[in-house]
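Read through the structure below, which is laid out as structure tokens, and then see the notes.
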Amino acid sequence: MDNLKSSIIIAIMTFFIAVSVSSVSQTQVRFVPLPMAVIILLIIIIVGVLADMVGVAATVSRTEPFNAKAAKKIFGAKTSLFLAQNGDKVASLMCDIVGDICGTISGAIGAVIAIDLINYYGFSNFWTNLVIIGLASSLTVGGKAFFKYYGMKKSTEIIFLVGRFLAFFHLIYDKIYDFLKKRWN
Numbered sequence: 225m226d227n228l229k230s231s232i233i234i235a236i237m238t239f240f241i242a243v244s245v246s247s248v249s250q251t252q253v254r255f256v257p258l259p260m261a262v263i264i265l266l267i268i269i270i271v272g273v274l275a276d277m278v279g280v281a282a283t284v285s286r287t288e289p290f291n292a293k294a295a296k297k298i299f300g301a302k303t304s305l306f307l308a309q310n311g312d313k314v315a316s317l318m319c320d321i322v323g324d325i326c327g328t329i330s331g332a333i334g335a336v337i338a339i340d341l342i343n344y345y346g347f348s349n350f351w352t353n354l355v356i357i358g359l360a361s362s363l364t365v366g367g368k369a370f371f372k373y374y375g376m377k378k379s380t381e382i383i384f385l386v387g388r389f390l391a392f393f394h395l396i397y398d399k400i401y402d403f404l405k406k407r408w409n
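First residue of the sequence shown? That's 225 in this note's numbering, and the numbers climb one at a time after it.
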């Protein structure tokens, strides 16, 4: 029952994130030049691929290396330990939510790029759609397959890097929060 409840929450959360991100990205991509739209598409594909790698790494990572680093008070080790201890939740967030949303959005942006190519350059409707969808799909699936291997083989290094990254942003957030709190009091 607990799994059903968390699955429903994830589904609802994913719906709202996907709708908001997709609506913003699709409307904005229509107003940028074609090369910029392609760059945005590639960035979204890369984010999805890397999110999948982090999710896999969190699933297979062990806690022992992070316990040792946390005992030595190495920056980011506590966050990395948290990620390793909650690998199933991290994998769900990164693979199921971030990765899948990026896949969906990349398809939508690919469609916008195809429409631009058809409308402005007179490309064939059928072949343009086919090639753009094929390229986006192959980059996504091929990238995920390639980086999934590294997620499994280098899980400790990846989770430690992500832990340090998150710890750094948490530190910056705390500094900004303290600064604003002093300014407003």
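Built from N, CA and C at the ideal position, the CB exists for glycine as well. Fair warning: this is a prediction, and the values are worked out from it, not measured in the lab.
Local conformation of G346 per DSSP, three classes | coil
On the three-pair Cβ rule with 8 Å, is the region 383–393 touching the region 300–308?
-> yes
Where F392 falls: helix, strand or coil (DSSP) | helix
Is it buried or exposed for G358, if we count other Cβ within 10 angstroms and need 16 for buried?
-> Counting other Cβ atoms within 10 Å of its Cβ, G358 stays below 16 and is therefore classed as exposed.
Ignoring anything shorter than 4 residues or poking outside the region 262–326, list the alpha helix (DSSP H) runs there in chain order.
-> List check, alpha helix (DSSP H) in window: 288–295, 301–309, 311–315.
Give the DSSP-derived three-state secondary structure of V256 in the structure shown.
-> coil
Do you know offhand how far N353's Cα is from A338's?
-> 6 Å
Nearest-angstrom Cα separation, counted from L404 out to M237 = 30 Å
Of the residues L363, K399, A282, the one placed nearest F384, counting alpha carbons only = A282
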